[in-house]
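Residue numbers (my numbering), protein chains in the order written: chain D, 6 to 382; chain Y, 81 to 527. No residue lacks a Cβ here, since even glycine has one placed at the ideal position from N, Cα and C. The structure appears below as C-alpha cells.
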C-alpha cells in the first residue's frame with residue numbers, strides 16, 4: 006500500500022520535472038526564435054538601407070508602376086485615339102496617382118518600414134531581367150524554383166559534414182598519435198580555403214582530366230525521362246559539390262572535435278567511469294560525447310554560417326541551379342530586385358538553420374533542460 | 081610581455097609547420113615587394129587595363145613557356161621581328177623621282193613541333209598623300225613561294241594573315257597558320273626549317289617610309305602564360321600578392337584589435353554596455369555577410385579599400401568577441417587590476433594599460449589564423465565579378481578563367497597558378513596560426 010503511494014508520488018514528481026524541463030525548452034526556443042526574428046529584421050532592413058542608398062528601391066518600385074501602367078494603357082482600346090503627347094501626359098498622371106496612392110512621395114523613413122514588411126513577408130516584387138523557368142517575372146517564383154536545389158545540396162553536405170566530422174573526431178581521439186591522426190592534423194590548415202576553391206580542383210581532376218563526373222549542373226542533358234534515372238543523374242551531379250563541401254571543412258572540424266574529446270576524456274569523471282568498469286563505448290557516449298555536444302553544435306553553427314555564405318560562389322563554380330547561382334546571375338545582369346531578394350532569403354536561411362540547431366542545442370544541453378542556466382552566450 | 085614573445089618565438093622553432101609557414105609568408109612578402117618595385121602601381125593598372133594595344137604582340141591563351149621542358153613535342157613561343165629595331169632587315173633603294181623600293185625579309189628558324197596560333201604583320205608608314213604599297217610573299221624551307229597579299233599601307237596597319245580568307249583559299253582551305261607551316265607530304269606535321277616572309281615595298285614620295293614587324297604568335301608565353309585578352313598572367317600573379325597580403329593582414333589585424341577593445345569594454349563596463357554588445361554580436365554573427373558585401377560592391381564602390389572597411393566593420397563581431405570576453409573576465413578578477421583601481425586609475429587607463437596588454441599574446445594566433453579567410457574572401461568577391469575594378473588580383477584571374485571556360489577548354493594553368501598562390505598564402509598563415517595557437521593555448525599543448 007505504502008509502496009504504491011510512493012511510486013505514485015515519484016511518478017508525479019517525475020512528470021512535474023519533465024513538464025518543467027519541457028517548459029524551459031519551450032521558453033528557450035521561443036527566446037531564441039525572437040532573437041533570430043530580430044536578426045532577420047535587422048538584416049533585411051540593412052539590405053534595404055544599402056540598396057536604397059542609391060535610391061534603387063525607389064527606382065525599382067517606380068519602374069514597376071510605370072510598367073504596369075503602360076501595359077494597362079496598351080490594353081485599353083480607347084487610348085488608340087489619343088495622340089502620342091496626350092497619351093504620355095495621361096500615362097504620367099496615372100503613374101503619379103499611383104505613386105501617391107502607394108505613398109512613394111512620403112519620406113524614406115516611413116516607407117522603409119513598409120519595405121521591411123514586404124521584405125519580411127517575402128513580397129519581393131518583380132525581377133528586372135531574370136525569368137523563372139516557367140517564364141514568370143515574380144521574384145518569389147524565381148526564388149521558389151531555386152530554393153529546392155540549394156536546400157538539397159547544402160542540407161546533404163552539412164549533415165554529412167556534421168556526422169562524418171563527429172565520427173572521425175571520435176575515431177581519432179581513440180587512435181590518438183597514430184599516422185592518421187597526425188595526417189589529419191597536418192591537413193587541418195587546408196580548411197582555410199573555401200569549398201568553391203576545392204570544387205575547382207575537383208572539377209579539374211574528375212571532370213576535365215579524367216572525365217568521370219560532370220563539370221556541373223544538376224541533371225544530365227537531356228534530362229532522363231524516368232524519375233529514377235533523373236534521381237540517379239542528380240545524385241551523380243552531387244558527388245563533386247558534396248565532396249568539395251566535405252573537403253573544405255572536414256579536416257579542421259575533425260581536428261577540433263578530436264582535440265575536444267581528448268580534453269574531455271581526461272576529466273576526472275571519465276576516469277571514475279573507467280574505474281567503474283564501464284565499456285569504452287558507454288564511456289564515450291555518456292561521459293565524452295554528451296557533455297561536449299552543445300559546444301560541438303555551437304562550433305558547427307559557425308561552420309554552417311560560413312558554408313551558407315560561401316554557397317554563392319560555390320554554386321556558381323558547379324553551375325548548380327540554386328540561390329547562389331541566381332545571385333551571381335543577378336549580379337551580372339544588375340537585377341536589383343533579385344539581389345535584394347537573395348539577401349533576404351539568405352538572412353532567412355541562416356536564421357532557420359541557426360534556429361534548428363538551437364532546438365537541437367536545447368534538447369541536448371543539460372543546462373537548458375535541468376539547470377535553466379539561461380541562454381548560451 | 082617581451083619575454084613572452086621571445087619565448088614564444090623560441091618555441092615556434094620547434095614546430096615544423098610553423099617554420100614552413102614562416103618561410104611561405106616570407107616568400108610571399110618578398111614577391112609582393114618585388115612586384116611593387118618592378119611594376120609600379122600605375123603601370124600595373126595600365127597594363128592590366130590593356131589599353132593602347134599593349135598586348136598586341138602576345139599570343140592569346142598561351143600556356144607558360146616552361147611547359148616545353150615537360151613535353152617531347154615542343155610548342156612554339158612567339159617570334160617577333162621588327163624592321164624598326166633591326167634596320168638590317170630592311171633595304172631601301174632609291175629609284176629616282178621620289179619613288180623607291182623598300183624591301184624587307186623576315187627570316188626565322190622554326191624548329192617547333194606545334195603550329196603557331198596566329199600570324200600578323202604590323203605596318204608603320206609615313207606618307208603625306210600616296211600610300212606605300214607592299215607585296216607579301218611566304219617562302220618555306222623547301223623553297224615553295226606562296227604569295228600572301230598586296231597591300232596599300234595606311235599610317236598604322238595591322239594585317240592579320242591568319243584572318244585573310246584569300247590566303248586560306250589559296251592554301252586549299254587550310255587556315256594560314258597551319259597551311260603555311262605544314263609539311264606538304266603530311267599536312268598534320270610542321271615542316272621544320274628556315275622560313276621567310278618577304279615584303280616588297282614601293283614608296284611613292286620623298287621622305288616617305290614604311291616599317292614592318294612580323295609576329296608569329298606561339299602557344300607558350302612567359303613564366304605564367306597569357307589570358308583571353310593576351311595579357312601576361314605574370315602581372316596579375318605578382319600584383320595579386322601585395323593585394324592579398326595587405327587585404328588579409330589589414331582586415332585580420334583591424335578586426336581582431338577592434339574585437340579585443342570591444343571585448344575589454346564589454347567586460348570592464350558591464351551592465352547595459354555588456355548587454356548591448358552581446359546582443360549586437362548575436363545579430364551580426366548570423367547576418368549574411370557576403371550578400372551584404374555584394375550589395376555594397378554593386379551599389380556603392382568596388383574599390384578594395386571600401387570593401388576592406390566594411391569587412392573589418394562586420395568582422396569585429398563574431399565568435400571572437402565571446403572568447404575575448406571570457407579572457408577579460410578572468411583578467412578583471414586579478415589582483416593588479418584591484419591595485420590599479422585602488423590608486424585611482426580611470427577606466428581608459430585600466431583598459432589600455434592593464435587589461436589589453438595582458439591579452440595581446442593570445443591576439444596573435446587569433447589574427448594569424450584569420451588572415452587566410454580574409455584572403456579568400458577577397459578572392460571570393462573577385463570570382464563573383466566584384467573585385468577591385470582596376471587592380472589585377474588572383475581572384476580576378478580565377479574569375480576570368482571561370483568566365484572563359486578555362487577548365488572546359490583545358491587552360492588548366494590559368495586556374496592552377498592563382499589557385500596555387502592562394503593556397504600558398506592560405507596555408508602559410510594557417511600553418512603558422514595553428515602552431516601559435518598551440519603555443520599560446522596551454523590546454524592544447526601536448527595533444
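Residues in the same chain with beta-carbon distance under 6 Å from residue i, minus the five sequence neighbours each way, listed in chain order, please.
i: residue 295 of chain Y; result: 137, 160 and 200
i: residue 249 of chain D; result: 200, 203, 204 and 207
i: residue 354 of chain Y; result: 346
i: residue 182 of chain Y; result: 172, 281, 283 and 290
i: residue 101 of chain Y; result: 508, 511 and 512
i: residue 517 of chain Y; result: 445
i: residue 394 of chain Y; result: 369
Would residue i be called buried (16 or more neighbouring beta carbons within 10 Å of its own) or exposed?
i: residue 286 of chain Y; result: exposed
i: residue 265 of chain Y; result: exposed
i: residue 32 of chain D; result: exposed
i: residue 315 of chain D; result: buried
i: residue 382 of chain D; result: With a pLDDT of 37 at residue 382 of chain D, under the threshold of 50, the modelled position of this residue cannot be trusted; read the value that follows with caution. Burial call: exposed.
i: residue 264 of chain D; result: buried
i: residue 233 of chain Y; result: buried
i: residue 256 of chain Y; result: buried
i: residue 118 of chain D; result: exposed
i: residue 184 of chain Y; result: buried
i: residue 40 of chain D; result: buried
i: residue 117 of chain Y; result: exposed
i: residue 335 of chain Y; result: buried
Near residue i, what residues of its chain come up, given a Cβ to Cβ distance below 7 Å and the 5 sequence neighbours on each side ignored?
i: residue 96 of chain D; result: 74, 75 and 78
i: residue 235 of chain D; result: 224, 228 and 229
i: residue 342 of chain Y; result: 357, 396 and 401
i: residue 334 of chain D; result: 135
i: residue 306 of chain D; result: 359 and 362
i: residue 367 of chain D; result: 30, 33, 34 and 373
i: residue 527 of chain Y; result: Confidence at residue 527 of chain Y is low in this model, with a pLDDT of 49, below 50, so its placement is unreliable and no value can be given for it.
Going along the chain, which residues of its own chain have a beta-carbon closer than 8 Å to the beta-carbon of residue i, five neighbours each way excluded?
i: residue 69 of chain D; result: 130 and 131
i: residue 52 of chain D; result: 124, 345, 348, 349 and 352
i: residue 181 of chain D; result: 263 and 267
i: residue 210 of chain Y; result: 284, 285 and 288
i: residue 270 of chain Y; result: 190, 192, 193, 194, 195, 261, 262 and 263
Comparing alpha-carbon positions, which option in the options lies nearest residue i?
i: residue 256 of chain D; options: D:84, D:247, D:169 and D:106; result: D:169
i: residue 354 of chain D; options: D:80, D:66 and D:153; result: D:153
i: residue 477 of chain Y; options: Y:318, Y:398 and Y:440; result: Y:318
i: residue 66 of chain D; options: D:342, D:148 and D:283; result: D:342
i: residue 253 of chain D; options: Y:242, Y:453 and Y:280; result: Y:453
i: residue 376 of chain Y; options: Y:119, Y:501, Y:389 and Y:366; result: Y:389
i: residue 221 of chain Y; options: Y:506, Y:403 and Y:261; result: Y:261
i: residue 158 of chain Y; options: Y:176, Y:323, Y:174 and Y:298; result: Y:298
i: residue 243 of chain D; options: D:331, D:212 and D:71; result: D:212
i: residue 290 of chain D; options: D:115, D:311, D:86 and D:175; result: D:175
i: residue 382 of chain Y; options: Y:313, Y:433 and Y:468; result: Y:468
i: residue 262 of chain D; options: D:318, D:116, D:302 and D:239; result: D:302
i: residue 470 of chain Y; options: Y:122, Y:94 and Y:95; result: Y:122
i: residue 308 of chain D; options: D:226, D:251 and D:71; result: D:251
i: residue 459 of chain Y; options: Y:253, Y:175 and Y:321; result: Y:321
i: residue 178 of chain Y; options: Y:162, Y:207 and Y:191; result: Y:207
i: residue 138 of chain D; options: D:150, D:217, D:193 and D:104; result: D:150
i: residue 189 of chain D; options: D:143, D:148 and D:260; result: D:260
i: residue 275 of chain Y; options: Y:429, Y:422, Y:114 and Y:187; result: Y:187
i: residue 474 of chain Y; options: Y:505, Y:434 and Y:411; result: Y:505
i: residue 365 of chain Y; options: D:311, D:296, D:164 and D:292; result: D:311
Return the Cβ separation of residue i and residue j in integer angstroms, given the expectation that the two are a contact with Cβ distance under 8 Å.
i: residue 283 of chain Y; j: residue 212 of chain Y; result: 5 Å
i: residue 209 of chain D; j: residue 495 of chain Y; result: 7 Å
i: residue 112 of chain Y; j: residue 325 of chain Y; result: 5 Å
i: residue 109 of chain D; j: residue 116 of chain D; result: 7 Å
i: residue 245 of chain D; j: residue 218 of chain D; result: 5 Å
Counting Cβ pairs, one atom from each stretch, are 3 or more of them under 8 Å apart for the segment 160-172 of chain Y and the segment 212-228 of chain Y? Contact between the segment 160-172 of chain Y and the segment 212-228 of chain Y is absent: fewer than three C-beta pairs spanning the two stretches fall below 8 Å.
On the three-pair Cβ rule with 8 Å, is the segment 347-355 of chain D touching the segment 363-373 of chain Y? Yes, since at least three Cβ pairs between the segment 347-355 of chain D and the segment 363-373 of chain Y fall closer than 8 Å, the two stretches touch.
Do the segment 318-337 of chain Y and the segment 273-283 of chain D touch if we need at least three Cβ pairs shorter than 8 Å? With a cut-off of 8 Å, the segment 273-283 of chain D and the segment 318-337 of chain Y do not count as touching, because too few Cβ pairs lie within range.
Just checking, does the segment 237-251 of chain Y make contact with the segment 184-200 of chain Y on the three C-beta pairs under 8 Å criterion? Two segments are said to touch when three or more pairs of C-beta atoms, one from each, lie closer than 8 Å; by this definition the segment 237-251 of chain Y touches the segment 184-200 of chain Y.
Quick check: the segment 303-310 of chain Y against the segment 470-488 of chain Y, are there 3 or more CB pairs under 8 Å? With the rule of 3 Cβ pairs closer than 8 Å, the segment 303-310 of chain Y counts as touching the segment 470-488 of chain Y.
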